[in-house]
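Asker:
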Amino acid sequence: MVDKRNFLLEIGVEELPASLIPSIFEETKSHFLEKFKELRLHFEDLQLVGTP
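Here you go:
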(Lines of atoms letter the chains of each structure in order from A and count residues from 1; the text may use other names and numbers.)
(Lines give C-alpha, C1' and ligand atoms only; values in the text may rest on other atoms or scores of the structure.)
Protein backbone atom coordinates (compact mmCIF):
# COMPACT_ATOMS: atom_id res chain seq x y z
CA MET A 1 0.00 0.00 0.00
CA VAL A 2 1.22 3.49 -0.85
CA ASP A 3 1.33 6.03 1.95
CA LYS A 4 -0.55 9.12 0.77
CA ARG A 5 0.09 12.54 2.23
CA ASN A 6 -1.19 16.03 1.61
CA PHE A 7 1.14 18.85 0.71
CA LEU A 8 0.35 22.56 0.90
CA LEU A 9 2.55 25.29 -0.54
CA GLU A 10 1.45 28.83 0.20
CA ILE A 11 2.98 31.75 -1.67
CA GLY A 12 2.17 35.30 -0.64
CA VAL A 13 2.70 38.32 -2.83
CA GLU A 14 1.75 41.96 -2.55
CA GLU A 15 0.40 44.26 -5.22
CA LEU A 16 -0.15 41.61 -7.87
CA PRO A 17 -2.76 42.70 -10.45
CA ALA A 18 -5.79 40.40 -10.30
CA SER A 19 -5.77 40.18 -14.09
CA LEU A 20 -2.45 38.28 -13.95
CA ILE A 21 -3.70 35.52 -11.63
CA PRO A 22 -5.10 33.21 -14.36
CA SER A 23 -1.90 33.25 -16.43
CA ILE A 24 0.30 32.84 -13.36
CA PHE A 25 -1.80 29.86 -12.27
CA GLU A 26 -1.51 28.29 -15.70
CA GLU A 27 2.28 28.69 -15.78
CA THR A 28 2.68 27.52 -12.18
CA LYS A 29 0.55 24.41 -12.67
CA SER A 30 2.37 23.57 -15.90
CA HIS A 31 5.73 23.94 -14.16
CA PHE A 32 4.74 21.72 -11.23
CA LEU A 33 3.27 19.03 -13.51
CA GLU A 34 6.48 19.00 -15.56
CA LYS A 35 8.67 18.71 -12.46
CA PHE A 36 6.48 16.01 -10.90
CA LYS A 37 6.76 13.98 -14.09
CA GLU A 38 10.52 14.54 -14.27
CA LEU A 39 10.92 13.38 -10.66
CA ARG A 40 8.44 10.52 -11.14
CA LEU A 41 6.39 11.91 -8.29
CA HIS A 42 2.92 10.40 -8.42
CA PHE A 43 -0.05 12.39 -7.20
CA GLU A 44 -3.82 12.34 -7.42
CA ASP A 45 -4.65 16.01 -7.74
CA LEU A 46 -3.02 19.41 -8.07
CA GLN A 47 -5.14 22.39 -7.05
CA LEU A 48 -4.29 26.05 -7.24
CA VAL A 49 -6.35 28.58 -5.31
CA GLY A 50 -5.94 32.33 -5.26
CA THR A 51 -7.63 35.54 -4.28
CA PRO A 52 -7.20 39.03 -5.67
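Numbers in our numbering are just positions in the sequence shown, counted from 1, shifted up by 33.
Glycine included, every Cβ here is placed at the ideal spot set by N, Cα and C.
Only a predicted model underlies this, so the values are computations on that prediction, with no experimental measurement involved.
Apart from the five residues just before and just after residue 88, which ones in its own chain have a Cβ nearer than 7 Å to its Cβ?
Answerer: In the structure as shown, the chain begins at 34 and stops at 85. Residue 88 is therefore absent and cannot be evaluated.
Asker: How is the alpha helix (DSSP H) around residue 68 delimited, first residue to last?
Answerer: Where residue 68 is concerned, the enclosing alpha helix (DSSP H) stretches over 54-71.
Asker: Whole-angstrom Cβ separation of residue 42 and residue 58, contact assumed at under 8 Å?
Answerer: In fact, because the Cβ distance is near 13 Å, the residues do not count as touching under 8 Å.
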